[in-house]
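Trainee: Following this message is one structure expressed as structure tokens.
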């Protein structure tokens, strides 16, 4: 069974600084996709970044980047130059073969001014 | 706006009543998913459709829950004889089956259900 673990229930960071959110997963599949989703308070979930497991290069999207370690089954998210609008719940998610998505329990990130 | 929409956004009901939620996916997306999210937790999979066919159901989906997607477009999720434990946010998502967004799911705003 595929499981996703986020070991940091809450984190905080000062505005303009860098923060890294951790995620590990367990699967026997070889071709899969990993995602980080952001869910602001009382707002809908939006995609932050995606990583295809067959790609060795780590994905980046502006201030967001990942450190994908396939052998270690680790998929961390780095947010650079944190902004107040980054305050949200962040969910790590796993999917293969376009089936159901498995989510971690989430990390609540607070960016402090 | 061509995003995923869900109605109603909020529903308050009394225990034992039936409720129905609607999801309208992004029009060109073949797959539609339902998830349940309780406070402080990640979404949990309930069921998904490819076009009008329901391909998988989670064991979380008891026989009081039923979902349909009759014409492969919008979907409904019905909960019969609601219980207080059904109180949660019900999320709908859709995804295409072709690249470049293959496997990416686009979420709606959710329907928050409160069972009194």
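Residue numbers (the numbering used here), protein chains in the order written: chain A, 30 to 142; chain B, 8 to 123.
We treat Cβ as the ideally placed atom computed from N, Cα and C, and that holds for glycine.
Return the chain-ordered ranges of every beta strand (DSSP E) run that is complete within the stretch 8-56 of chain B and spans a minimum of 3 residues.
Mentor: The stretch 8-56 of chain B contains these whole beta strand (DSSP E) runs: 12-14, 17-20, 26-31, 38-44.
Trainee: At a Cβ threshold of 8 angstroms, is residue 97 (chain B) touching chain A?
Mentor: Judged by the 8 angstroms Cβ criterion, residue 97 (chain B) is not in contact with chain A.
Trainee: 8 angstroms is my cut-off, CB to CB: does residue 74 (chain A) come that close to chain B?
Mentor: Yes, residue 74 (chain A) counts as interfacial toward chain B.
Trainee: Residue 86 (chain B) and residue 26 (chain B): beta carbons closer than 8 angstroms?
Mentor: Yes, the Cβ-Cβ distance between residue 86 (chain B) and residue 26 (chain B) is below 8 angstroms.
Trainee: Would you list the one or two residues that DSSP bridges to residue 118 (chain A)?
Mentor: In DSSP, residue 118 (chain A) forms a bridge with A:68, A:137.
Trainee: Kindly list, in the order they appear in chain A, the residues whose Cβ is closer than 7 angstroms to that of residue 112 (chain B).
Mentor: Going along chain A in sequence order, the residues near residue 112 (chain B) (Cβ under 7 angstroms) are 130.
Trainee: List the residues of chain A that residue 48 (chain B) touches, going by C-beta distances under 9 angstroms, in chain order.
Mentor: The contacting residues are 132, 134, 135.
Trainee: Of all Cβ atoms in chain B, is any one closer than 8 angstroms to the Cβ of residue 92 (chain A)?
Mentor: Not closer than 8 angstroms to any Cβ of chain B, the Cβ of residue 92 (chain A) fails to qualify, so no.
Trainee: If we define contact as Cβ-Cβ less than 8 angstroms, is residue 52 (chain B) a contact residue for chain A?
Mentor: For residue 52 (chain B), the answer is yes, since a Cβ of chain A falls inside 8 angstroms of its Cβ.
Trainee: So with CB distances below 8 angstroms, who are the chain B contacts of residue 124 (chain A)?
Mentor: Going along chain B in sequence order, the residues near residue 124 (chain A) (Cβ under 8 angstroms) are 110, 112.
Trainee: So, does the CB of residue 15 (chain B) fall closer than 8 angstroms to a CB anywhere in chain A?
Mentor: With 8 angstroms as the cut-off, residue 15 (chain B) does not count as an interface residue toward chain A.
Trainee: List the residues of chain A whose Cβ lies closer than 8 angstroms to the Cβ of residue 63 (chain B), in chain order.
Mentor: Result: 128, 129.
Trainee: Does residue 76 (chain B) pass the burial test, meaning 16 or more other C-beta atoms within 10 Å, or should it be called exposed?
Mentor: Burial call: buried.
Trainee: Among the residues of its own chain, which have a CB less than 8 angstroms from the CB of residue 9 (chain B), if the five just before and after it don't count?
Mentor: Answer for residue 9 (chain B): 33, 34, listed in chain order.
Trainee: For my contact list, residue 37 (chain A) and residue 51 (chain A) are in at a C-beta cut-off of 8 angstroms; report their separation, rounded to the angstrom.
Mentor: Their Cβ separation, rounded to whole angstroms, is 6 angstroms, which keeps residue 37 (chain A) and residue 51 (chain A) in contact under 8 angstroms.
Trainee: Should residue 104 (chain A) be flagged as near chain B, meaning a C-beta pair shorter than 8 angstroms?
Mentor: Judged by the 8 angstroms Cβ criterion, residue 104 (chain A) is not in contact with chain B.
Trainee: Does the distance from the CB of residue 144 (chain A) to the CB of residue 123 (chain A) come in under 8 angstroms?
Mentor: Nothing can be reported for residue 144 (chain A): it is not among the residues displayed for chain A, which extend from 30 to 142.
Trainee: For residue 113 (chain A), which of helix, strand or coil comes out of DSSP?
Mentor: Of the three classes helix, strand and coil, the one that applies to residue 113 (chain A) here is helix, per DSSP.
Trainee: Smallest Cα separation from residue 120 (chain A): which of A:88, A:130, A:41, A:113?
Mentor: Of the listed residues, the one whose Cα sits closest to residue 120 (chain A) is A:130.
Trainee: Nearest to residue 2 (chain B) by alpha carbon, out of B:122, B:116, B:72, B:120?
Mentor: Outside the displayed range of chain B (8 to 123) lies residue 2 (chain B), so it cannot be described from this structure.
Trainee: Give me the Cα-Cα distance between residue 86 (chain A) and residue 49 (chain A), rounded to the nearest whole angstrom.
Mentor: Taking the straight line from one Cα to the other gives about 18 angstroms.
Trainee: For residue 93 (chain B), which of helix, strand or coil comes out of DSSP?
Mentor: The answer is helix: DSSP assigns residue 93 (chain B) an H, G or I state.
Trainee: Under DSSP, the beta strand (DSSP E) around residue 56 (chain A) begins and ends at which residues?
Mentor: That residue, residue 56 (chain A), is in no beta strand (DSSP E); it is neither H nor E in DSSP.
Trainee: Quick one: using the 10 Å Cβ neighbour count with 16 as the cut-off for buried, is residue 112 (chain A) buried or exposed?
Mentor: That one is exposed.
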